[in-house]
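Throughout, my numbering is defined as the position within the sequence shown, counted from one, plus 306.
So the structure is just underneath, and the comments pick up after that.
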Amino acid sequence: MKKIHMIVNTLMTLVLLGLMSYSLIGEVTHEILGTAMLVLFIVHHILNRKWFGALHKGKYSAFRIFQTILVFLMLVSVIMSAVSGIMMSKHLYTFLGITEGMALARGVHVVCAYANYILMSLHLGLHWNGMISAMIPNDKKSSATMWWVLRIIALAISAYGVYAFIKRQIGEYLFYQTQYVSFDESEPLILFYLDYLA
């Protein structure tokens with residue numbers, strides 16, 4: 307089961323990166339990836355159904371409250387992103403014949419797309435220590451060294467992530483200060499993905 311969880315989480319991360327490169331990959335690919343993300347998101351929640359079943363049990367620490375709020379914010383944001391994306395679809399979902407509310411759908415989609423990115427990044431960050439622990443060998447001496455090496459790498463990536471956040475104007479899109487997302491089509495795709503991965 308843990309292996310399935312890891313595969314689904316990895317696929318969600320890769321698909322999310324693809325979705326953020328909207329105009330660089332084309333509308334059809336973007337819609338396909340959006341559909342894949344929705345399916346993976348549903349599978350992810352089915353796999354974690356025990357977590358939802360335990361919501362009414364136990365005490366709520368500050369961490370658990372934060373984690374729970376984060377999960378429900380993601381749930382709302384992903385649903386709104388999917389609905390608005392389907393409304394604007396020019397390829398996969400045109401058979402639905404939706405023609406009204408395009409301006410609202412565009413605004414909701416932009417805000418929710420970047421909200422998904424931030425919320426999923428935070429969600430991943432909450433499980434970072436667990437992922438680091440899985441990579442550490444059992445030998446105590448090696449494990450202590452590896453722990454610090456991985457922590458330093460994580461801090462370096464986080465620092466670059468702050469720079470990339472500002473460089474890519476993510477805050478402006480998140481708060482809808484800019485209505486249209488701009489892309490440098492001359493930039494190598496790998497550099498775009500590295501910035502968003504950070």
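Just so it is clear, CB atoms sit at the ideal spot from N, CA and C, and this is done for glycine as well.
| Item | Value |
| --- | --- |
| Taking the Cβ atom as the reference point for each residue, do L330 and E491 lie within a distance shorter than 8 Å? | yes |
| Flag this pair as yes or no: are the beta carbons of L346 and L317 separated by less than 8 Å? | yes |
| So G340 and A388 are supposed to be a Cβ contact under 8 Å. How far apart are they, rounded? | 7 Å |
| Where G477 and F471 are concerned, what is the direct C-alpha to C-alpha distance, given to the nearest angstrom? | 7 Å |
| In or out: A368 buried (at least 16 other Cβ within 10 Å) or exposed? | exposed |
| Using alpha carbons as the reference points, say which of V384, E406 and L381 lies closest to M393. | E406 |
| Give the DSSP-derived three-state secondary structure of I404 in the structure shown. | coil |
| Since S395 contacts C418 with CB under 8 Å, what's their CB separation in whole angstroms? | Actually they are not in contact, since the Cβ atoms of S395 and C418 sit about 15 Å apart, beyond 8 Å. |
| In this structure, how does DSSP classify E415 when only helix, strand and coil are distinguished? | Here the sequence assigns His to residue 415, which means Glu is not the residue at that position. Helix at H415. |
| Could you tell me the distance, in whole angstroms, from the CA atom of R457 to the CA atom of S383? | 30 Å |
| Please classify A360: is it buried, with 16 or more other beta-carbons within 10 angstroms of its beta-carbon, or exposed? | exposed |
| Cβ atoms of Y502 and L323: under 8 Å apart, would you say? | yes |
| CA-CA distance, V314 and M426? | 13 Å |
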